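Encoded as structure tokens, the structure appears first; notes follow it.
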Ligand SMILES: [Cu+2]
């Protein structure tokens with residue numbers, strides 16, 4: 228019996244799959260146990276939004292025929308304050324407009340390439356089952372519009388991107404966005420939803436250079452970005468553009484990563500994700516600090532905000548945050564909740580015991596031993612400002628190498644290290660007007676040693692400084 232009908236059934240499946248260009252072919256296909264009835268009724272137009280805004284939730288509506296129109300626009304916009312870039316966009320901004328549909332929807336997708344653009348583009352939506360995720364059907368010249376239809380078979384959080392050669396370059400210029408496919412019944416309701424997407428950019432000019440930047444193919448190939456940013460530019464989510472919430476609310480972030488190269492170690496400083504839907508999966512994981520968002524991937528994170536303040540969105544590959552731009556803010560307003568977070572309660576003096584491995588207090592060192600021990604202190608503390616070679620930094624930190632000011636007065640140097648220094652001074656004929664913070668938390672031995680080191684390095688020749696002299700200065704004698 229079965230063998231007689233087998234081939235027929237197979238034929239039916241094949242003809243359903245390729246017989247017509249309408250979505251009816253996938254009719255009542257069960258996908259992983261979810262029955263997806265064929266959408267009926269007049270098509271609706273999807274509401275698309277610019278980041279960080281999010282289209283309205285799907286709720287419990289049935290699957291429908293949905294029309295999505297997305298226009299590619301090539302345009303110059305700031306990538307940082309005073310720094311411009313020629314972005315290629317889906318919808319006029321980076322990331323591209325966010326699309327939100329329901330599992331089972333049949334989507335008639337219109338990709339429009341604005342006539343003023345210079346290049347052909349297409350779109351690969353990771354929510355699409357079919358060749359190229361739609362790229363195979365959407366190669367579109369400037370002044371043209373391509374149409375294809377797909378069935379949203381799997382729920383999830385998906386990115387879309389241009390896949391026109393050179394693919395990396397189209398993505399690196401900003402051609403990516405998010406498409407969320409909600410499961411039947413919709414996502415659990417929350418108070419706030421936001422749309423955030425990370426991306427890396429490659430310019431021939433250094434970070435923050437003024438004017439219009441040029442794309443640099445070699446640094447893109449080397450995966451050495453000049454900028455790593457949220458929502459298309461440095462500062463897109465700070466100041467007046469920061470995300471907002473009220474104490475007691477729940478927040479959902481749809482977070483995508485266009486790449487093209489760098490993965491994101493996404494973290495919100497001052498928050499714990501109550502739930503992460505890793506890589507946009509349907510199965511959430513509770514209580515996560517930092518979640519990995521692959522290049523070409525997306526995630527959904529949810530958290531309640533229990534205490535007010537500014538929470539900082541970062542890529543915890545942290546040099547990117549402070550030197551390449553991947554920093555955003557969520558301002559949580561509301562009254563303090565001291566039972567959750569007290570704020571600073573006290574600032575008191577602390578004098579630790581002797582350091583492990585350091586010379587025990589009172590032990591008498593030779594000058595050579597003092598220089599050696601002082602070198603350690605210098606390398607750990609002073610080097611940040613006065614530099615390893617003692618040359619300082621012009622206009623900011625005075626030199627200690629062959630420094631007349633240093634060598635002229637030992638007692639003064641001891642006081643400076645103990646108490647700090649501010650106000651104008653002249654060192655080797657140059658004036659400095661900075662602030663040296665007190666280093667009085669160092670022990671008498673450490674201060675004696677570090678001064679012995681600096682007074683006997685980089686061409687300086689001087690006597691050893693005795694810990695007793697430091698102790699005397701500390702007690703005001
Ligand atoms: Cu493109």
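In my numbering, the protein residues as written are 228 to 704.
Virtual Cβ for every residue (Gly too), placed ideally from N, Cα, C.
The model shown is predicted, which means the values in this text are computed figures rather than measured ones.
Could you check what DSSP says for residue 594 in three-state terms: helix, strand or coil?
-> Along the chain shown, read from residue 1 onward, the residue named residue 594 stands at position 367. Annotated three-state conformation of residue 594 is helix, per DSSP.
Would you identify the three-state DSSP class for residue 572, choosing helix, strand or coil?
-> As a working mapping, residue 572 is identified with position 345 in the chain shown. In the three-state scheme derived from DSSP, where H, G and I count as helix and E and B as strand, residue 572 is classed as coil.
Assigned secondary structure, residue 673 (DSSP; H/G/I helix, E/B strand, else coil) | Here residue 673 refers to the residue found at position 446 of the chain shown. Residue state, collapsed to three classes: helix.
Can you grab the Cα-Cα spacing for the pair residue 635 / residue 611, in whole Å?
-> Taking the chain shown and counting its residues from 1, the one referred to as residue 635 is at position 408. Taking the chain shown and counting its residues from 1, the one referred to as residue 611 is at position 384. Taking the straight line from one Cα to the other gives about 24 angstroms.
N- and C-terminal bounds of the beta strand (DSSP E) containing residue 350 | Taking the chain shown and counting its residues from 1, the one referred to as residue 350 is at position 123. In the DSSP annotation of this structure, residue 350 is not part of any beta strand (DSSP E), being labelled neither H nor E.
So, is the C-beta of residue 654 closer than 8 angstroms to a C-beta in chain B?
-> No chain B appears in the structure shown, which is made up of a single protein chain.
List the whole-angstrom C-beta distance separating residue 206 from residue 479, where the pair is believed to meet the contact cut-off of C-beta under 8 angstroms.
-> Outside the shown range of the chain (228 to 704) lies residue 206, about which nothing can therefore be said.
Distance cut 5 angstroms, beta-carbon to ligand 1 heavy atom: residue list by chain order = Applying a distance threshold of 5 angstroms between residue Cβ atoms and the heavy atoms of ligand 1 selects 348, 389, 391, 397, 402, given in chain order.
If you drop the 5 nearest sequence neighbours on each side, which residues of the same chain put their C-beta closer than 7 angstroms to that of residue 626?
-> Numbered from its first residue, the chain shown carries residue 626 at position 399. 617, 618, 619, 654, 655.
Cβ contact check for the region 372–386 and the region 396–413: 3 or more pairs under 8 angstroms | They touch, by the three-pair rule.
Secondary structure of residue 245, DSSP reduced to three states = Here residue 245 refers to the residue found at position 18 of the chain shown. For residue 245, the predicted structure reports a pLDDT of 36, less than 50, and the residue's modelled location is therefore unreliable. The matter cannot be settled from this model.
Give the straight-line distance between the Cα atoms of residue 668 and residue 578, rounded to the nearest whole angstrom.
-> Numbered from its first residue, the chain shown carries residue 668 at position 441. Numbered from its first residue, the chain shown carries residue 578 at position 351. Approximately 7 angstroms between the Cα atoms of the pair.
Pairing CB atoms from the region 597–610 with CB atoms from the region 669–680, are three or more of them under 8 angstroms?
-> Put simply, the region 597–610 touches the region 669–680. At least three CB pairs are less than 8 angstroms apart.
From residue 700 to residue 614, what distance separates their C-alpha atoms?
-> Position 473 of the chain shown, counted from the first residue, corresponds to residue 700. Position 387 of the chain shown, counted from the first residue, corresponds to residue 614. So the alpha carbons of these two residues sit roughly 26 angstroms apart.
To the nearest angstrom, how far is it from the Cα of residue 534 to the Cα of residue 496?
-> Along the chain shown, read from residue 1 onward, the residue named residue 534 stands at position 307. Along the chain shown, read from residue 1 onward, the residue named residue 496 stands at position 269. For residue 534 and residue 496, the distance between alpha carbons rounds to 13 angstroms.
For residue 271, which option in 314, 332, 325, 324 has the closest C-alpha, if you only look at C-alpha atoms?
-> Here residue 271 refers to the residue found at position 44 when the chain shown is read from its first residue. Check the Cα spacing between residue 271 and each of 314, 332, 325, 324: the tightest is with 332.
How is the beta strand (DSSP E) around residue 530 delimited, first residue to last?
-> Looking up residue 530 in the chain shown gives position 303. Judged by DSSP secondary structure, residue 530 falls within the beta strand (DSSP E) whose first and last residues are 524–531.
In DSSP terms, what residue 624 is bridged to | Your numbering for residue 624 matches position 397 in the chain shown. Paired residues: 620.
Sequence ranges, beta strand (DSSP E) only - wholly within the region 391–440, length at least 3 = Look at the region 391–440 and you find these whole runs of beta strand (DSSP E), each 3 residues long or longer: 403–409, 419–428.
Cβ shell of residue 691 (< 6 angstroms), same chain only, five flanking positions each side left out = Here residue 691 corresponds to residue number 464 of the chain shown, with the count starting at 1. Short of 6 angstroms from the beta carbon of residue 691, and not among the five residues preceding or following it, lie these beta carbons of its own chain, in chain order: 594, 597, 679.
Apply the 10 Å Cβ neighbour rule to residue 286 and answer buried if 16 or more other Cβ atoms are within range, or exposed otherwise.
-> Taking the first residue of the chain shown as position 1, residue 286 is located at position 59. With fewer than 16 other CB atoms across the displayed protein chains lying within 10 angstroms of its CB, residue 286 is exposed.
Looking at the unbroken beta strand (DSSP E) that takes in residue 317, where does it start and where does it end?
-> By one-based count along the chain shown, residue 317 stands at place 90. Unbroken beta strand (DSSP E) run through residue 317: 310–317.
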